[in-house]
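Novice:
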Amino acid sequence: MTTDASKGRLVIAVDGPAASGKGTLARRLAAHYAMPYLDTGLLYRMVARAVLEAGHDIRDAEAAGAIVSTFDESAFAEDSLRGREIGEAASVVAAMPAVRSGLIARQRRFAAQSGGAVLDGRDIGTVICPQARAKLFVTATPEVRAARRHKELAGRGEAATFEGILADIRRRDARDSGRSDAPLKAADDAVILDTSALTIEEAVAKAIAIVDARRAG
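Listed below in structure tokens is the structure:
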């Protein structure tokens, strides 16, 4: 289990559903505190990409379980891990207990760095770093999140409708929250940060205030 409080090391756990803004906030927090940052969602996307490139069905839990312990994180170009299709595939493999358990050690090693770390994902505050000193659960309404994702995909030239993206987000929310292993939920000691009506700068300022309060108290 990752611990940091006893030695004063700061670990910041940022959880939340898809397109809530957690990745943006986590990156900004890492820059603000000069700490290493891990987007744990990319690990699941790597597993999904490896499963697909090996010719397996994305729902093949046995194949995914075999791949999770051997894949090379440096072998994937980040561009190949972005996009709507791979995001859906990642959500499927993330519901597999063998995949989640296989990635725990990688995430905890990152969090155990002497200078602390910032991690974002779905179960950082509940499973990966339950002793993290600062925990945020970042959320927004499904409609706001769909609008953000639609804008992001349009900026990359990907064709997608708002209605289709909203349906994807609701489906992913149900899958992430309903899985038996490490379901998406706020840790009991996490601070809820709803970004629905906030600009990026407003959300960052609130996130920094939350972390500073945890560091002080």
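Under full-length UniProt numbering, think of the first position of the sequence shown as 1, with each following residue one higher.
We treat Cβ as the ideally placed atom computed from N, Cα and C, and that holds for glycine.
1) To the nearest angstrom, report how far apart residue 120 and residue 56 are at their CA atoms.
2) Among 82, 70, 66, 53, which residue has its Cα nearest to the Cα of residue 157?
3) Going by DSSP, name the residue or residues bridged to residue 137.
4) Taking the CB atoms as reference points, tell me whether residue 86 and residue 49 lie closer together than 9 Å.
5) Quick one: what does DSSP say residue 213 is sitting in, helix, strand or coil?
6) Only counting the same chain, and skipping five residues up and downstream in sequence, which positions put a Cβ closer than 8 Å to that of residue 114?
7) Can at least three beta-carbon pairs, one atom from the stretch 131 to 151 and one from the stretch 192 to 199, be found at a separation below 8 Å?
8) Within the continuous beta strand (DSSP E) that includes residue 38, where are the two ends?
9) Please report the distance separating the alpha-carbon of residue 127 from that of residue 100.
10) Of all the options 88, 28, 61, 38, which has the alpha carbon lying nearest to the alpha carbon of residue 176?
11) Could you give the uninterrupted runs of the alpha helix (DSSP H) lying entirely in the stretch 74 to 116, keeping only those of 4 residues or more?
12) Under a three-way DSSP split, which group does residue 72 fall into?
13) Based on the DSSP secondary-structure assignment, which residues constitute the bridge partners of residue 144?
14) Counting only runs that start and end within the stretch 159 to 203, where is the beta strand (DSSP E) found for 3 or more residues in a row?
15) Grab me the residues of residue 143's own chain with a C-beta within less than 7 Å of its C-beta, minus the 5 sequence neighbours each way, in chain order.
16) For residue 12, tell me which candidate among 71, 168, 36 has the shortest Cα-Cα distance.
Specialist: Here's the rundown:
1) Their Cα atoms are separated by approximately 28 Å.
2) That would be 82, whose Cα lies nearest to the Cα of residue 157.
3) Residue 137 pairs with 15, 192.
4) Taking a C-beta distance under 9 Å as the contact criterion, residue 86 and residue 49 qualify as a contact pair.
5) The DSSP-derived three-state label of residue 213 is helix.
6) So the qualifying residues of the chain are 9.
7) Contact holds: three or more Cβ-Cβ distances are below 8 Å.
8) Start and end: 37 to 39.
9) About 10 Å.
10) Ranking 88, 28, 61, 38 by Cα distance to residue 176 puts 88 first.
11) Counting only runs of 4 or more, we get 84 to 94, 97 to 111.
12) Here residue 72 carries a coil assignment [DSSP, helix/strand/coil].
13) Residue 144 pairs with nothing; no bridge assigned.
14) Entirely contained in the stretch 159 to 203, the beta strand (DSSP E) runs reaching 3 residues are, in chain order, 191 to 194.
15) Cβ contact annotation for residue 143 (same chain, cutoff 7 Å, sequence separation greater than five): 166, in chain order.
16) Residue nearest to residue 12 within the set 71, 168, 36 is 36 (criterion: CA-CA distance).
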